[in-house]
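So the protein lines, in turn, are chains H and E.
Take the first sequence: its position 67, counting from 1, is numbered 66 in numbering that gives the first Met the number 0, and each next residue is one higher.
Take the second sequence: its position 50, counting from 1, is numbered 49 in numbering that gives the first Met the number 0, and each next residue is one higher.
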Amino acid sequence: MARMKFLCDAERCIECNGCVTACKQEHEIPWGVNRRRVVTVNDGVPGERSISVACMHCSDAPCMAVCPVDCFYKTEEGVVLHDKDLCIGCGYCFYACPFGAPQFPQTGAFGVRGKMDKCTFCAGGPEANSSEEEFRKYGRNRLAEGKLPACAEMCATKALLGGDGDVLADIYRQRVTVRGRGGDVWGWATAYGQPGQAPGQAPGQAPAKGGKS
Amino acid sequence: MRHAWILGAAAAAFALAACGERPQVVQYKQGTYQGKPDQKPYAGAPFDGNHQQWENAMRQRNQTQNEYKRIGS
């Protein structure tokens, strides 16, 4: 099996936050911690795009590189997980992560930062599969039940796909072929606009000349 | 008798000397995972260690995200 990955089809995401809710419900995530969130680019401007963002389970994960106690590991399916018993809650992984995936529960009257919490690709953590201990620390282990992440399976428009990267690429390729567009949705121009484009201007309205995509 | 008692006490003290000693710190090796080992997702029920069965289940599950295959195109 190839690596487990998430893929969000920006042509389909309708910013319903169903994935966020599904994640919070499935793992009983405490208030203030969001393992997944929906980000909208060019919000309010015609042509706006939304994507669902969580831990992307990087192939060369920066969180793993900076962790001073080396509490991160990667499963053979390519899922980046960590041991909460070892985590010291320093927050280095949060600064290193380009997606803002690591979350820190605030506890006590002075908002003391707790141990890091992040998306587990519904794969639990280093405790016995589907045990009470695993659920309490890391949430439900859906992979051990033969299921895919709750956020992807719950997505109403199937914008968020989760699973074997090769299979996801095939599904996405077929979609783009059938609808005849959307393969170029991702890229520099969508996220940051194009050269000469006024701030707030929709990417589709900007001159495409010389723009990166 | 007295010698036997002293010998017995010394042997007991020697035998129990290390009972309460557990490693207090992790053996730190730069850049390697220091935490507990994790189980494979297919280790327990319903797959009982059958990797191939788990992969097939995941592959089948993956295809439910493809509506062109699920409801026909």
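All C-beta atoms in this analysis are idealised placements derived from N, C-alpha and C, irrespective of residue type, glycine included.
Since we're looking at a predicted model, the values are computed, not measured.
Answer yes or no: does any C-beta atom of chain H fall closer than 8 Å to that of residue i?
{"i": "residue 65 of chain E", "result": "yes"}
{"i": "residue 48 of chain E", "result": "no"}
{"i": "residue 60 of chain E", "result": "yes"}
{"i": "residue 37 of chain E", "result": "yes"}
{"i": "residue 57 of chain E", "result": "yes"}
{"i": "residue 12 of chain E", "result": "no"}
{"i": "residue 53 of chain E", "result": "yes"}
{"i": "residue 42 of chain E", "result": "yes"}
Expressed to the nearest angstrom, what Euclidean distance is found between the alpha-carbon atoms of residue i and residue j?
{"i": "residue 141 of chain H", "j": "residue 52 of chain H", "result": "19 Å"}
{"i": "residue 29 of chain H", "j": "residue 7 of chain E", "result": "57 Å"}
{"i": "residue 103 of chain H", "j": "residue 92 of chain H", "result": "11 Å"}
{"i": "residue 55 of chain H", "j": "residue 13 of chain E", "result": "54 Å"}
{"i": "residue 56 of chain E", "j": "residue 145 of chain H", "result": "6 Å"}
{"i": "residue 209 of chain H", "j": "residue 35 of chain H", "result": "Below a pLDDT of 50, predicted positions are generally treated as unreliable, and residue 209 of chain H, at 46, falls in that range; no measurement from the model is reported."}
{"i": "residue 27 of chain E", "j": "residue 66 of chain H", "result": "13 Å"}
{"i": "residue 57 of chain H", "j": "residue 53 of chain E", "result": "23 Å"}
{"i": "residue 42 of chain E", "j": "residue 127 of chain H", "result": "10 Å"}
List the residues that DSSP assigns as beta-bridge partners of residue i.
{"i": "residue 161 of chain H", "result": "H:5"}
{"i": "residue 122 of chain H", "result": "H:140"}
For a cutoff of 8 Å on Cβ pairs, would you count residue i as touching chain E?
{"i": "residue 114 of chain H", "result": "no"}
{"i": "residue 41 of chain H", "result": "no"}
{"i": "residue 162 of chain H", "result": "yes"}
{"i": "residue 146 of chain H", "result": "yes"}
{"i": "residue 11 of chain H", "result": "no"}
{"i": "residue 72 of chain H", "result": "yes"}
{"i": "residue 129 of chain H", "result": "yes"}
Do residue i and residue j have their C-beta atoms within less than 8 Å of each other?
{"i": "residue 117 of chain H", "j": "residue 101 of chain H", "result": "yes"}
{"i": "residue 68 of chain H", "j": "residue 50 of chain H", "result": "no"}
{"i": "residue 162 of chain H", "j": "residue 150 of chain H", "result": "no"}
{"i": "residue 143 of chain H", "j": "residue 129 of chain H", "result": "yes"}
If residue i and residue j are in contact, beta carbons under 8 Å, what's the gap, nearest whole angstrom?
{"i": "residue 21 of chain H", "j": "residue 78 of chain H", "result": "At roughly 18 Å, the Cβ-Cβ gap does not stay under 8 Å, so residue 21 of chain H and residue 78 of chain H are not in contact."}
{"i": "residue 82 of chain H", "j": "residue 125 of chain H", "result": "5 Å"}
{"i": "residue 39 of chain H", "j": "residue 47 of chain H", "result": "6 Å"}
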